[in-house]
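Visitor:
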Amino acid sequence: MRVAVVGLGYVGLVTAACLAEWDHLVVGVDADPKRLGALREGRMPFHEPRMPELLADGVRSGRLTFTDDLPAAAADADVVVVAVGTHDGNGGWQTDTVRACLAQLVPAMAGGSTLVIRSTLPPDFIRQLPTLISAHAAAAERTLIPVMLNPEFTREGRAVRDFQTPDRVVLGIVSDPDGRGEAMVRRLYDRIEAPMVVMGAIDAAITKLGANLFLATKISFANELAEICDAFGADVSTVVDGMSYDARIGGSFLKAGIGFGGSCLPNQVTMTIRTAGQAGVSTPLLSAVDEVNHRRRIQVVERAAALLDGTVRGRRVALLGLTFKPDTDDLRDAPALTIAGTFIEGGASVVAYDPMPTARERSVVIVPGLEVVDNALDAVEGADIAVLVTEWPEFLDLEWNSVGALMRRRIVIDGRNVLPGEELASSGFLYSSFGRGTFLGDGAGSWIPSAGFAMSPMLQVGEG
Ligand code: UDX
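Just so we're aligned, residue 117 is where the sequence shown starts under our numbering, counting upward by one.
1) Is DSSP giving A499 helix, strand or coil here?
2) Hey, would you say the C-beta of L438 is under 7 Å away from at least one heavy atom of the ligand UDX?
3) Run through the segment 138 to 190 for me and flag every whole alpha helix (DSSP H) of 4 or more residues, listed as ranges in chain order.
4) Helix, strand or coil for Y547? Go by DSSP, reduced to three states.
5) Nearer than 7 Å: is that true of the beta carbon of I529 relative to any heavy atom of the ligand UDX?
6) Quick check on DSSP: helix, strand or coil for W508?
7) Could you spell out the range, first to last residue, of the beta strand (DSSP E) harbouring L424?
8) So, using beta-carbon positions, are L287 and I261 closer together than 8 Å?
9) For I289, list the residues DSSP reports as bridge partners.
10) Ignore the nearest five residues each way along the sequence and tell me which others in P484's own chain have a CB closer than 8 Å to its CB.
11) How long is the line joining the alpha carbons of L438 and A226, rounded to whole angstroms?
12) Report the rounded CA-to-CA distance for T183 versus A120, giving the unit in angstroms.
13) Between the Cα of A404 and those of Q394, F330, G366 and S465, spot the shortest distance and give me the residue it belongs to.
14) Report all residues from its chain with a CB closer than 6 Å to the CB of V519; omit the five preceding and five following residues, and keep chain order.
15) Is it the case that the Cβ atoms of I335 and F279 are separated by a distance below 8 Å?
16) Going by DSSP, name the residue or residues bridged to L435.
17) If we call anything under 8 Å between Cβ atoms a contact, is V417 one with I374?
18) Taking contact to mean 3 or more Cβ pairs, one atom from each stretch, closer than 8 Å, check whether the segment 487 to 501 and the segment 416 to 432 are in contact.
19) Please determine whether the Cβ atom of N328 lies at a distance below 7 Å from any heavy atom of the ligand UDX.
20) How far does the beta strand (DSSP E) with V198 in it reach, from first residue to last?
21) I'd like to check one pair, A317 with P267: are the Cβ atoms closer than 8 Å?
22) According to DSSP, simplified to helix, strand and coil, what is I564?
23) Quick check on this structure: which residue in A136, V314 and D212 has the alpha carbon closest to the alpha carbon of V290?
24) By DSSP, does E374 sit in helix, in strand, or in coil?
25) Give me the Cα-Cα distance between L141 and R302, rounded to the nearest whole angstrom.
26) Are the CB atoms of L221 and L186 within a distance shorter than 8 Å?
27) For A299, does the count of other Cβ atoms within 10 angstroms reach 16, so buried, or fall short, so exposed?
28) Could you compute how far the alpha carbon of V145 sits from the alpha carbon of L152?
29) Figure out for me which residue from G208, G396, D446 and K150 has the closest Cα to the Cα of P165.
30) Should F279 be counted as a contact of the ligand UDX given a C-beta to heavy atom distance under 7 Å?
31) Using three-state DSSP, classify L129 as helix, strand or coil.
32) Counting C-beta neighbours from all protein chains within 10 Å, is the total for S229 16 or more, i.e. buried, or is it exposed?
33) Identify, in the order they occur along the chain, each residue of the same chain with its Cβ nearer than 7 Å to the Cβ of S250, setting aside the five sequence neighbours on each side.
34) Can you tell me which of the three DSSP states F337 falls into?
35) Beta-carbon within less than 7 Å of I414's beta-carbon, same chain only, minus the 5 sequence neighbours each way: which residues are those?
36) With 8 Å set as the bound, which would you pick, yes or no: does the beta-carbon of V488 sit closer than that to a beta-carbon of chain D?
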């Protein structure tokens with residue numbers, strides 16, 4: 117099939133490259149000439165496993181081309197996929213981009229083609245879609261085309277796998293009187309074995325939102341549970357593992373730590389709180405999810421202050437990891453940036469390392485005063501405390517005795533509950549986690565619940 121994909125961000129570019137790999141003839145459309153130039157040369161604008169190979173194959177075979185001419189690309193396509201952004205960058209929605217895009221492409225699309233919208237859209241905008249699209253079609257004296265929503269559920273770092281082998285494909289019908297649109301989408305995705313769940317457009321949009329809100333809720337739940345574990349001396353990882361054997365609960369998205377970031381979960385929580393409020397619906401559960409998540413970032417700094425004899429002022433902090441999760445170079449709503457900024461405001465100097473060079477370069481522009489270095493050992497050298505923010509595999513393999521020898525004080529906060537706490541403590545580290553307690557590193561294996569550490573006289577040790 118001939119496919120035009122409009123908007124070459126994470127969602128659009130992954131969609132375009134995966135469809136080209138399945139032998140569709142794909143043209144990617146974007147307004148950014150720099151991005152188009154790089155893509156034509158097979159260079160990825162962001163880090164995503166497997167995408168460099170898919171892009172190179174697509175470009176080499178001629179199945180994947182790029183243009184900024186939206187009407188021409190739309191006119192030649194059997195299916196037009198819209199994947200432009202809908203965040204306003206401030207925790208809310210913006211629909212200007214998608215509106216501008218529809219105004220250009222609907223009049224250009226051929227009679228037998230289908231429009232598929234993959235961007236996440238606010239529910240009230242979806243209600244306006246049929247009228248908006250018929251107005252554009254009527255103004256251009258075009259027949260009405262089928263319009264479908266096809267929300268994506270791809271995770272950064274595993275976007276290709278999530279696209280090619282999803283758990284389900286959700287298809288929301290905006291307008292498809294004779295079923296032609298659904299048939300086109302089934303052909304487009306004929307390599308996918310997962311069930312296709314067909315429903316109304318608003319149901320599809322809220323299915324997408326609901327999935328992300330539920331995942332965010334699970335994480336904040338795990339983080340609140342971690343605080344309870346800390347207060348009573350339990351280990352949240354063991355507790356969650358024990359819970360996960362209950363098929364009604366499962367174990368995924370229950371990893372406690374410093375909370376969720378990224379382009380989707382935080383935004384979708386705040387956008388839903390706002391839009392539900394405007395519709396007269398109160399969302400106390402989602403407000404709590406957001407509060408628990410943001411509180412965590414501040415708690416890291418408060419915890420560090422308590423471990424550093426009451427203040428972070430004048431202390432040197434090593435941050436391990438900047439991206440919002442491993443296997444991406446994405447810094448959008450990355451907890452590390454808030455944490456670094458809060459440390460700096462408190463008078464600490466912060467030296468960060470992340471395996472992604474682009475993340476290091478961009479983070480110093482976003483967080484004034486942040487210093488970045490090219491490897492983990494340089495970050496910890498002379499540090500009073502190290503904070504693991506992103507669980508990149510290379511941090512799990514660090515040789516902690518060598519790390520300790522470089523640090524001014526052997527203190528670690530494990531923001532992702534992934535380091536071997538008891539092992540670190542036996543190397544003389546004061547190891548503090550969220551939900552697994554604080555090991556004092558006093559040689560006797562002493563352990564206290566993290567929630568109580570600030571009060572413990574045992575912590576009045578150290579060089580000060
Ligand atoms: C998310 C959704 O998973 C995906 O379906 C949607 O299409 C886009 O948003 P993504 O933002 O790429 O994907 O990352 P995800 O893997 O969901 O992780 C989000 C955040 O939650 C990360 O900061 C991660 O560190 C955190 N997280 C995840 C936890 O803190 N604990 C967990 O158990 C899982």
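Note that the Cβ used here is the ideal one computed from N, Cα and C, for glycine as well. Here the structure is a predicted model, which means the values were calculated and not measured.
Guide: Per the coordinate set shown:
1) Position 383 of the sequence shown, counting from 1, holds the residue named residue 499. Looking at A499 - three-state DSSP - the assignment turns out to be coil, as it is neither helix nor strand.
2) Position 322 of the sequence shown, counting from 1, holds the residue named residue 438. No, Cβ of L438 sits at least 7 Å from all heavy atoms of the ligand UDX.
3) 149 to 156 and 167 to 177
4) Here residue 547 refers to the residue found at position 431 when the sequence shown is read from its first residue. Strand.
5) The residue labelled residue 529 in the question sits at position 413 within the sequence shown. Incorrect: I529 has no Cβ contact closer than 7 Å to the ligand UDX.
6) Here residue 508 refers to the residue found at position 392 of the sequence shown. The answer is coil: DSSP assigns W508 none of H, G, I, E or B.
7) Indexing the sequence shown from 1 puts residue 424 at position 308. Here L424 belongs to no beta strand (DSSP E), and DSSP marks it neither H nor E.
8) Taking the sequence shown and counting its residues from 1, one reaches residue 287 at position 171. Taking the sequence shown and counting its residues from 1, one reaches residue 261 at position 145. Not in contact: L287 and I261 (Cβ atoms no closer than 8 Å).
9) Taking the sequence shown and counting its residues from 1, one reaches residue 289 at position 173. Note: I289 sits in a beta bridge opposite M264 and G316.
10) Within the sequence shown, residue 484 is the residue found at index 368, counting from 1. Only I460 meet the Cβ criterion.
11) Taking the first residue of the sequence shown as position 1, residue 438 is located at position 322. Taking the first residue of the sequence shown as position 1, residue 226 is located at position 110. Straight-line Cα distance between these residues: approximately 46 Å.
12) For the purposes of this step, residue 183 is taken as residue 67 along the sequence shown, with counting starting at 1. For the purposes of this step, residue 120 is taken as residue 4 along the sequence shown, with counting starting at 1. Using only the alpha carbons, I get a separation of about 10 Å.
13) Taking the sequence shown and counting its residues from 1, one reaches residue 404 at position 288. It is F330 whose Cα lies nearest to the Cα of A404.
14) Start at 1 with the first residue of the sequence shown, and residue 519 comes out as number 403. V496.
15) The residue you call residue 335 lines up with position 219 of the sequence shown. The residue you call residue 279 lines up with position 163 of the sequence shown. No, the pair does not count as a contact, with Cβ atoms beyond the cut-off.
16) Indexing the sequence shown from 1 puts residue 435 at position 319. Looking at the DSSP assignment, L435 forms a beta bridge with A468 and V503.
17) The residue you call residue 417 lines up with position 301 of the sequence shown. The residue you call residue 374 lines up with position 258 of the sequence shown. It is not a contact, given that the beta carbons lie outside the stated cut-off.
18) yes
19) As a position in the sequence shown, residue 328 is number 212, starting the count at 1. Flag set: Cβ of N328 near the ligand UDX.
20) The count along the sequence shown starts at 1 and reaches residue 198 at position 82. From DSSP, the beta strand (DSSP E) with V198 extends over V195 to V198.
21) In the sequence shown, counting from the first residue as 1, residue 267 sits at position 151. In the sequence shown, counting from the first residue as 1, residue 317 sits at position 201. Going by C-beta atoms, P267 is not nearer than 8 Å to A317.
22) Counting from 1 along the sequence shown, the entry for residue 564 is found at position 448. Residue state, collapsed to three classes: strand.
23) Counted from its first residue, the sequence shown places residue 290 at position 174. Selected option, being the one with the closest Cα: V314.
24) Translated into positions along the sequence shown, residue 374 becomes position 258. A quick correction: the sequence has Ile, not Glu, at residue 374. Three-state DSSP puts I374 in coil, outside helix and strand.
25) For this step, residue 141 is matched to residue 25 along the sequence shown. For this step, residue 302 is matched to residue 186 along the sequence shown. Cα-Cα distance, rounded: 16 Å.
26) Indexing the sequence shown from 1 puts residue 186 at position 70. Indexing the sequence shown from 1 puts residue 221 at position 105. Yes, these two residues count as a Cβ contact at 8 Å.
27) Taking the first residue of the sequence shown as position 1, residue 299 is located at position 183. Exposed, by the Cβ-count rule.
28) Numbered from 1 along the sequence shown, position 29 holds the residue referred to as residue 145. Numbered from 1 along the sequence shown, position 36 holds the residue referred to as residue 152. Using only the alpha carbons, I get a separation of about 8 Å.
29) By 1-based counting over the sequence shown, the position of residue 165 is 49. Nearest option by C-alpha distance: D446.
30) In the sequence shown, counting from the first residue as 1, residue 279 sits at position 163. It does not: the Cβ of F279 is nowhere closer than 7 Å to a heavy atom of the ligand UDX.
31) Numbered from its first residue, the sequence shown carries residue 129 at position 13. The answer is helix: DSSP assigns L129 an H, G or I state.
32) Residue 229 sits at position 113 when you count from the first residue of the sequence shown. When all chains shown are included, S229 counts as buried.
33) By one-based count along the sequence shown, residue 250 stands at place 134. L260.
34) Walking along the sequence shown from the start, residue 337 turns up at place 221. Here F337 sits in helix by DSSP.
35) The residue given as residue 414 occupies position 298 in the sequence shown. T458.
36) This model lacks chain D altogether, as it is built from one protein chain only.
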